[in-house]
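Heads up: the protein sequence lines correspond to chains Z and V, in order.
Note that our numbering gives residue 90 to position 90 of the first sequence, counting from 1, and the numbers run on in steps of one.
Note that our numbering gives residue 46 to position 46 of the second sequence, counting from 1, and the numbers run on in steps of one.
Every residue, glycine too, gets a C-beta built ideally from N, C-alpha and C.
It should be emphasised that the depicted structure is a prediction, and the values quoted were computed from it without experimental measurement.
Everything on this sheet refers to the single structure shown next.
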Amino acid sequence: MIRLPFRHTIRGRLLLLAIGVELLMLMIMVSNSMRLFHGAMTDQTRIQVEEYTPVLTAALTAPLAQRDYVTVQAIVNESHSSGGVSYIVIVDRAGKRVASNGLAIDQPLPEPFNKLPLLVTDKNMRYDVVTPISLANQSLGTLHYGFDLSHIKSARRTQLIQGLCIAAVEIVLSSLVLLLIGYWLTRNLTSLTEASLDVAAGNLAPQMLREGDDDLGRLGAAFNTMSRVIAERVTELTAAKETSEGNEKLLRGITDSALDAILMMDERGAITYWNPAAEQVFGYSPGEAIGKNLHDLLVPDRYHDDFNAAYPDFLRTGTGNALGKTLERFALRKGGKEIAVALSLSPVWLDGAWHAVGVIRDITLNKIMERSLRKLSTAVDSSPVPIIITDSSGAIEYVNPKFSQLTGYSPAEVLGQNPRILKGGVQPPEFYQEMWRTILSGGEWRGEVHNRNKDGSLVWERISISPIRDDSGTITHFVRVSENIGEQKQLQEELTRAAENEKLARDRADQANKTKSDFLASMSHEIRTPLNAILGMTDLLAETALNGEQTQYLSVVQTAGEALQGLINDILDLSKIEAGMMTLDDALFNLPDCIRQLSSLASVRAAQKKLLLTSSLSMGVPHWLVGDSFRLQQVLLNLVGNAIKFTEQGSVSLDVEPVTVDTATILVKFSITDTGIGIQSDKLQKIFESFSQSDTSTTRKYGGSGLGLSISKRLVEMMGGDIGVESTPGQGSCFYFTCRFAAPSETPPECVPEEHIEKKVFKSLSILLVDDNKDNRTVLNAFFRHTDHRVEIAVNGEEAVAKVKQGAYDLVLLDMEMPVMDGYTAVGLMREWESATGRDPAPIIALTANALKEDRQKSLAAGCSDHLTKPIHKEKLLEVVSGYAAVTEQSK
Amino acid sequence: MNQGAIMDSFTTFEQITVGNSARNLVVCDVDLDDIIPEYLEKKRVECLQLRELVNVAACEEICGIAHGMRGSGGCYGFQGISEIGASMESAAKAADLHGVLAQVVMLEAYLDCLDVCYE
Numbered sequence: 001m002i003r004l005p006f007r008h009t010i011r012g013r014l015l016l017l018a019i020g021v022e023l024l025m026l027m028i029m030v031s032n033s034m035r036l037f038h039g040a041m042t043d044q045t046r047i048q049v050e051e052y053t054p055v056l057t058a059a060l061t062a063p064l065a066q067r068d069y070v071t072v073q074a075i076v077n078e079s080h081s082s083g084g085v086s087y088i089v090i091v092d093r094a095g096k097r098v099a100s101n102g103l104a105i106d107q108p109l110p111e112p113f114n115k116l117p118l119l120v121t122d123k124n125m126r127y128d129v130v131t132p133i134s135l136a137n138q139s140l141g142t143l144h145y146g147f148d149l150s151h152i153k154s155a156r157r158t159q160l161i162q163g164l165c166i167a168a169v170e171i172v173l174s175s176l177v178l179l180l181i182g183y184w185l186t187r188n189l190t191s192l193t194e195a196s197l198d199v200a201a202g203n204l205a206p207q208m209l210r211e212g213d214d215d216l217g218r219l220g221a222a223f224n225t226m227s228r229v230i231a232e233r234v235t236e237l238t239a240a241k242e243t244s245e246g247n248e249k250l251l252r253g254i255t256d257s258a259l260d261a262i263l264m265m266d267e268r269g270a271i272t273y274w275n276p277a278a279e280q281v282f283g284y285s286p287g288e289a290i291g292k293n294l295h296d297l298l299v300p301d302r303y304h305d306d307f308n309a310a311y312p313d314f315l316r317t318g319t320g321n322a323l324g325k326t327l328e329r330f331a332l333r334k335g336g337k338e339i340a341v342a343l344s345l346s347p348v349w350l351d352g353a354w355h356a357v358g359v360i361r362d363i364t365l366n367k368i369m370e371r372s373l374r375k376l377s378t379a380v381d382s383s384p385v386p387i388i389i390t391d392s393s394g395a396i397e398y399v400n401p402k403f404s405q406l407t408g409y410s411p412a413e414v415l416g417q418n419p420r421i422l423k424g425g426v427q428p429p430e431f432y433q434e435m436w437r438t439i440l441s442g443g444e445w446r447g448e449v450h451n452r453n454k455d456g457s458l459v460w461e462r463i464s465i466s467p468i469r470d471d472s473g474t475i476t477h478f479v480r481v482s483e484n485i486g487e488q489k490q491l492q493e494e495l496t497r498a499a500e501n502e503k504l505a506r507d508r509a510d511q512a513n514k515t516k517s518d519f520l521a522s523m524s525h526e527i528r529t530p531l532n533a534i535l536g537m538t539d540l541l542a543e544t545a546l547n548g549e550q551t552q553y554l555s556v557v558q559t560a561g562e563a564l565q566g567l568i569n570d571i572l573d574l575s576k577i578e579a580g581m582m583t584l585d586d587a588l589f590n591l592p593d594c595i596r597q598l599s600s601l602a603s604v605r606a607a608q609k610k611l612l613l614t615s616s617l618s619m620g621v622p623h624w625l626v627g628d629s630f631r632l633q634q635v636l637l638n639l640v641g642n643a644i645k646f647t648e649q650g651s652v653s654l655d656v657e658p659v660t661v662d663t664a665t666i667l668v669k670f671s672i673t674d675t676g677i678g679i680q681s682d683k684l685q686k687i688f689e690s691f692s693q694s695d696t697s698t699t700r701k702y703g704g705s706g707l708g709l710s711i712s713k714r715l716v717e718m719m720g721g722d723i724g725v726e727s728t729p730g731q732g733s734c735f736y737f738t739c740r741f742a743a744p745s746e747t748p749p750e751c752v753p754e755e756h757i758e759k760k761v762f763k764s765l766s767i768l769l770v771d772d773n774k775d776n777r778t779v780l781n782a783f784f785r786h787t788d789h790r791v792e793i794a795v796n797g798e799e800a801v802a803k804v805k806q807g808a809y810d811l812v813l814l815d816m817e818m819p820v821m822d823g824y825t826a827v828g829l830m831r832e833w834e835s836a837t838g839r840d841p842a843p844i845i846a847l848t849a850n851a852l853k854e855d856r857q858k859s860l861a862a863g864c865s866d867h868l869t870k871p872i873h874k875e876k877l878l879e880v881v882s883g884y885a886a887v888t889e890q891s892k
Numbered sequence: 001m002n003q004g005a006i007m008d009s010f011t012t013f014e015q016i017t018v019g020n021s022a023r024n025l026v027v028c029d030v031d032l033d034d035i036i037p038e039y040l041e042k043k044r045v046e047c048l049q050l051r052e053l054v055n056v057a058a059c060e061e062i063c064g065i066a067h068g069m070r071g072s073g074g075c076y077g078f079q080g081i082s083e084i085g086a087s088m089e090s091a092a093k094a095a096d097l098h099g100v101l102a103q104v105v106m107l108e109a110y111l112d113c114l115d116v117c118y119e
């Protein structure tokens with residue numbers, strides 16, 4: 001549907017109405033004109049036909065009667081060519097076409113019409129006429145012809161177009177005129193409309209309308225007055241609204257930011273206001289609380305009866321006992337937990353009814369603190385120790401009853417005083433200055449003070465003074481807690497004296513122990529020297545010719561000597577251990593070999609007593625270990641020896657099993673089990689003590705110093721293990737101990753079949769010893785005393801190079817740090833000389849005090865064959881030198 | 001360096017160290033029994049020399065003597081002398097005369113409390 005923009009305006013509507021009327025009238029006029037024209041043309045055509053037909057019929061009668069068809073045809077042609085006829089056909093009385101023009105011979109003759117075809121919709125604009133031709137009432141034939149009407153149609157179209165054009169021009173002119181008239185009429189209405197729209201859009205000062213005496217002028221004046229009044233009212237309303245909004249915002253700001261819950265209850269008991277603090281206090285959101293019954297939601301059941309009794313009076317009068325004051329009650333939080341609250345209720349008259357406004361504060365924490373404070377206060381009051389509280393200047397504000405009881409001062413006597421009234425005058429002023437410095441700096445001071453009671457008696461107190469700070473951190477008070485330590489002091493002095501006495505006794509005991517160890521070591525040495533001579537002479541004597549009695553006596557001497565030597569060795573070991581001089585070796589050893597050697601040693605004595613001696617090594621015990629195999633064998637020999645000694649029949653077995661095995665260490669357990677006499681249970685703990693056996697009869701029967709187990713225990717502990725025993729008297733004993741060994745860091749040497757061992761012999765070497773230090777030269781030279789090697793000396797590198805060039809040495813021991821020429825230079829010169837003279841390079845062993853890997857590499861890089869780190873030990877040196885002295889039988 | 005301060009600290013050190021020392025029993029190679037007494041006597045002489053060298057701050061000479069002790073002590077069986085020598089050498093290299101004196105005192109105490117037996 002087409003929307004016309006002016007359709008909703010008066011001017012537009014008038015214009016449309018006028019155009020409509022105009023169109024209607026013009027259509028009527030044109031239609032009527034066309035109808036009149038049509039009638040006139042029809043009448044005119046009918047007259048022409050009526051005049052033309054007789055003429056043509058008359059012209060054709062004679063030739064047709066004479067059957068002069070040529071003439072007939074000529075007349076037909078002439079008539080057709082004269083215009084106005086679209087076709088002419090003459091049919092004789094036999095029905096045969098005798099002349100024709102304008103219609104094809106095979107084309108049928110059109111049927112004639114009874115009326116003229118002058119309608120606009122007619123397609124055949126032709127009037128077909130059929131009329132008989134006769135002469136003397138005798139039919140000669142029939143005349144058929146078509147009267148052409150196309151000119152009539154053309155004239156009618158022309159007339160229609162002209163009529164429509166005239167009508168269109170008239171409509172356009174009429175519209176323009178109407179528009180102008182409409183604009184003139186409606187321009188004031190447009191101004192009124194625009195001004196109204198301005199006012200509606202918020203412009204309260206629209207353009208003023210024209211005022212006057214006519215209708216539109218009065219309308220404009222009325223509108224101007226109306227808009228002025230509206231502007232004034234709107235201004236007033238805006239101001240009132242702003243004030244109202246400001247007040248509401250202020251109130252909402254106050255209630256929203258309030259820390260206390262603020263809520264309102266209407267006359268039905270429903271919650272109508274709920275601030276954010278109320279949500280914090282009670283846990284309900286405004287959506288959950290507003291509209292709910294306040295008492296059902298927040299008030300415990302026990303208060304409901306009081307509320308129901310007072311509520312009617314409140315609704316009627318706005319008064320009640322709970323109003324206008326602050327009450328401490330309990331309220332329900334969301335979830336049903338009760339909280340302590342301070343409740344202030346006020347009545348509010350609103351919308352014709354009394355409402356209640358409640359301000360509620362959660363005082364649960366306050367209550368807890370109150371209880372804590374009461375407990376604290378009670379604790380302080382009933383404290384068993386004196387407590388003083390002072391202000392920041394030291395003036396006493398509080399003393400507890402215990403203080404009064406112990407010092408004799410009543411609270412009235414000390415309040416306001418400084419605690420210095422308690423000073424005993426024993427500590428110097430610096431002592432108290434330090435105390436004040438500590439507590440004024442915020443720290444806690446603790447100390448022992450000699451104070452004086454009211455009666456003048458002195459008392460030792462242990463005092464603790466702590467500062468109390470306010471929220472800003474400022475010290476406001478000090479708390480002094482004291483404790484009477486008189487008895488402790490006395491006890492402490494006694495303990496100190498006792499400790500001193502104990503230390504004195506311990507020192508004396510240590511000294512005595514040291515003296516004993518020194519004495520034993522000294523005596524062992526003094527005894528062993530002649531004993532070695534005795535045993536040596538005994539051996540020599542045994543190789544001489546002796547009779548049976550002498551042999552027996554000598555055997556006794558030999559046995560006694562060996563026993564004495566064992567005892568001396570034990571004493572020496574024990575004294576070494578006690579003096580801290582015993583050190584353990586860390587060397588790679590083969591445990592099965594160790595066990596085999598032990599079994600071999602012990603088997604002789606076991607066989608003498610016809611005992612079965614067995615040993616077993618459990619799966620999982622590593623064969624190669626790092627530790628002191630000598631001391632391990634010493635312990636095993638002692639335990640196995642004891643087992644054999646105290647077993648008359650049966651067996652002795654040694655079992656070795658792993659306890660823990662990891663990549664770094666191995667803990668191995670050794671168990672020695674016998675079927676001997678066993679040990680009484682009350683003696684088990686004592687047998688590991690020095691000079692202790694299970695009883696004296698044992699000592700008398702079996703002999704022994706009682707040192708073996710003590711030494712074994714110490715050695716086992718030094719090897720990171722424990723030793724213990726389980727025994728049943730008469731059935732036997734089981735001694736067991738553990739030892740911790742290190743795992744070998746290198747691959748242990750593989751067992752080499754005996755037939756593959758090369759037999760080696762050792763040759764005498766000519767050795768050049770080079771060292772600037774006389775002590776070293778002396779001792780290293782001494783190491784070779786009992787070997788076949790010959791040693792010559794040089795004191796620096798220069799001399800060494802000269803000697804090497806003069807004489808052939810099998811081996812050079814070369815100190816690397818020397819004056820004049822150091823070892824590095826010397827070995828370089830020696831190698832150069834050997835190379836220049838075509839000699840085989842001699843082995844040169846570097847001797848340095850530097851043990852780092854880099855030092856060894858430096859020596860080898862300089863040309864040395866090997867590297868030894870000082871201090872040089874005899875065994876190591878001889879071992880290394882032996883390596884160069886050894887030659888295989890083949891190579892020899 | 002203030003020699004008085006050194007001697008004061010030395011005195012304290014000596015009292016503590018010597019007061020707590022025990023007899024040291026060292027088992028030496030019997031093959032060295034003829035040279036060890038001379039060696040130990042020489043160490044005592046070197047202790048006196050070291051004190052004089054400390055007084056003149058002769059660190060280089062001290063270093064030489066200490067180096068010799070470090071290398072020789074263990075060879076004779078006196079590992080303690082080697083250890084003291086090593087510490088003294090380090091102190092001398094750092095020109096720490098106080099440290100040198102402390103080691104001299106250690107050495108003197110070691111020698112005083114030393115008992116030797118031979119095997």
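Provide the residue span of the alpha helix (DSSP H) that contains Z/N366, from first to last. Position 366 of the first sequence, counted from the start, is the residue given in the question as residue 366 of chain Z. Here the alpha helix (DSSP H) through Z/N366 covers 364-381.
Closest by C-alpha distance to Z/S257, when choosing among Z/Y69, Z/D815, Z/A278: By 1-based counting over the first sequence, the position of residue 257 of chain Z is 257. The residue with the shortest Cα to Cα distance from Z/S257 is Z/A278.
Can you list the residues of chain V that Z/H873 reaches, using a CB-CB cut of under 8 Å? As a first step, residue 873 of chain Z is located in the first sequence; it is residue number 873 there, counting from the start. Those within 8 Å of Z/H873 in chain V are G74, C75.
Please confirm whether Z/T665 and Z/F741 have their CB atoms less than 8 Å apart. Counting from one through the first sequence, the residue named residue 665 of chain Z turns up at place 665. Counting from one through the first sequence, the residue named residue 741 of chain Z turns up at place 741. Against a cut-off of 8 Å, the Cβ pair of Z/F741 and Z/T665 comes out as a contact.
At the level of alpha carbons, what is the spacing between V/M88 and Z/R856? Translated into positions along the second sequence, residue 88 of chain V becomes position 88. Translated into positions along the first sequence, residue 856 of chain Z becomes position 856. Rounded to whole angstroms, V/M88 to Z/R856 spans 23 Å at the Cα level.
Can you tell which of Z/D866, Z/S472, Z/L491, Z/R462 has its C-alpha closest to the C-alpha of Z/V481? As a first step, residue 481 of chain Z must be located in the first sequence, where it is residue number 481. Ranking the options by Cα distance to Z/V481, first place goes to Z/R462.
Listing by chain order, which chain V residues have their CB less than 9 Å from the CB of Z/R714? Indexing the first sequence from 1 puts residue 714 of chain Z at position 714. Under the 9 Å cutoff, chain V gives no residues; its nearest Cβ is about 16 Å from Z/R714.
Please determine, among Z/R302, Z/M265, Z/R329, Z/I339, the residue with the shortest C-alpha to C-alpha distance to Z/Q280. Within the first sequence, the letter at position 280 stands for residue 280 of chain Z. Of Z/R302, Z/M265, Z/R329, Z/I339, the residue nearest in Cα terms is Z/I339.
Does the distance from the CB of Z/S618 to the CB of Z/P658 come in under 8 Å? Locating residue 618 of chain Z in the first sequence gives position 618, where the first residue counts as 1. Locating residue 658 of chain Z in the first sequence gives position 658, where the first residue counts as 1. For Z/S618 and Z/P658, yes; Cβs fall inside 8 Å.
Same chain only: Cβ atoms within 6 Å of Z/K153, ignoring 5 sequence neighbours per side: Within the first sequence, the letter at position 153 stands for residue 153 of chain Z. Only M125 meet the Cβ criterion.
Between V/G120 and chain Z, is there a C-beta pair that is closer than 8 Å? As displayed, chain V neither begins before 1 nor continues past 119, which places residue 120 of chain V out of reach and without an answer.
In chain V, which residues lie with their C-beta within 7 Å of the C-beta of Z/T787? Locating residue 787 of chain Z in the first sequence gives position 787, counting from the first residue. Those within 7 Å of Z/T787 in chain V number zero; the least Cβ separation is about 10 Å.
Would you report the Cα separation of Z/F589 and V/E108, rounded to the nearest angstrom? For the purposes of this step, residue 589 of chain Z is taken as the residue at position 589 of the first sequence. For the purposes of this step, residue 108 of chain V is taken as the residue at position 108 of the second sequence. Each residue's alpha carbon lies about 38 Å from the other.
Pairs of beta-carbons, one from the segment 804-817 of chain Z and one from the segment 831-851 of chain Z, closer than 8 Å: are there three or more? Contact between the segment 804-817 of chain Z and the segment 831-851 of chain Z is present: 3 or more CB-CB pairs across the two stretches fall below 8 Å.
From what residue to what residue does the alpha helix (DSSP H) around V/I84 run? Locating residue 84 of chain V in the second sequence gives position 84, counting from the first residue. 79-93 is the span of the alpha helix (DSSP H), which, as asked, contains V/I84.
In chain Z, which residues lie less than 7 Å from V/D112 when you measure between Cβ atoms? Along the second sequence, read from residue 1 onward, the residue named residue 112 of chain V stands at position 112. Under the 7 Å cutoff, chain Z gives no residues; its nearest Cβ is about 14 Å from V/D112.
Take the Cβ of Z/C751 as the centre, count every other Cβ of all protein chains shown within 10 Å, and call the residue buried at 16 or more, exposed below. One-based indexing of the first sequence puts residue 751 of chain Z at position 751. Reliability of the predicted coordinates at Z/C751 is poor, the pLDDT of 48 falling under 50, and no value is obtained from them.
Where V/V189 sits in the DSSP three-state scheme: There is no way to answer for residue 189 of chain V, as the model of chain V reaches only from 1 to 119.
Under DSSP, the beta strand (DSSP E) around Z/Y145 begins and ends at which residues? As a working note, residue 145 of chain Z is residue 145 in the first sequence. Annotation: the continuous beta strand (DSSP E) that includes Z/Y145 extends over 138-148.
Tell me which residues share the same chain as Z/N32 and place their Cβ nearer than 8 Å to its Cβ, disregarding the 5 neighbours each side in the sequence. Looking up residue 32 of chain Z in the first sequence gives position 32. Here the set comprises nothing.
Which of helix, strand or coil does DSSP assign to Z/I679? Taking the first sequence and counting its residues from 1, one reaches residue 679 of chain Z at position 679. Looking at Z/I679 - three-state DSSP - the assignment turns out to be coil, as it is neither helix nor strand.
Closer than 9 Å by beta-carbon distance: list the chain V residues that pair up with Z/V820, in chain order. Within the first sequence, residue 820 of chain Z is the residue found at index 820, counting from 1. Those within 9 Å of Z/V820 in chain V number zero; the least Cβ separation is about 13 Å.
Candidates Z/R420, Z/T272, Z/S392: which alpha carbon is nearest Z/G358's? Indexing the first sequence from 1 puts residue 358 of chain Z at position 358. Per the Cα distances, Z/T272.
Name the chain Z residues that come within less than 7 Å of V/K93, Cβ to Cβ? Taking the first residue of the second sequence as 1, we reach residue 93 of chain V at position 93. Residues of chain Z whose Cβ lies closer than 7 Å to the Cβ of V/K93 do not exist; the shortest such Cβ separation is about 13 Å.
Name the two residues that bound the continuous beta strand (DSSP E) containing Z/N308. Within the first sequence, the letter at position 308 stands for residue 308 of chain Z. Taken as a continuous stretch (DSSP letters only), Z/N308 belongs to no beta strand (DSSP E), being part of the alpha helix (DSSP H) at 304-317.
Give, in chain order, every residue of the segment 483-503 of chain Z whose Cβ lies closer than 9 Å to some Cβ of chain V. none
For Z/A800, which of Z/H789, Z/I767, Z/D775 has the nearest alpha-carbon? By 1-based counting over the first sequence, the position of residue 800 of chain Z is 800. If we check each option's Cα against that of Z/A800, Z/I767 comes out closest.
Does any CB atom of chain V fall closer than 8 Å to the CB of Z/N905? Examination of residue 905 of chain Z is not possible in this model, given that chain Z is present from 1 through 892 alone.
Determine the closest residue to Z/G720 out of Z/R631, Z/E51, Z/G641, Z/F784, with distance taken between C-alpha atoms. Here residue 720 of chain Z refers to the residue found at position 720 when the first sequence is read from its first residue. Answer by Cα proximity: Z/R631.
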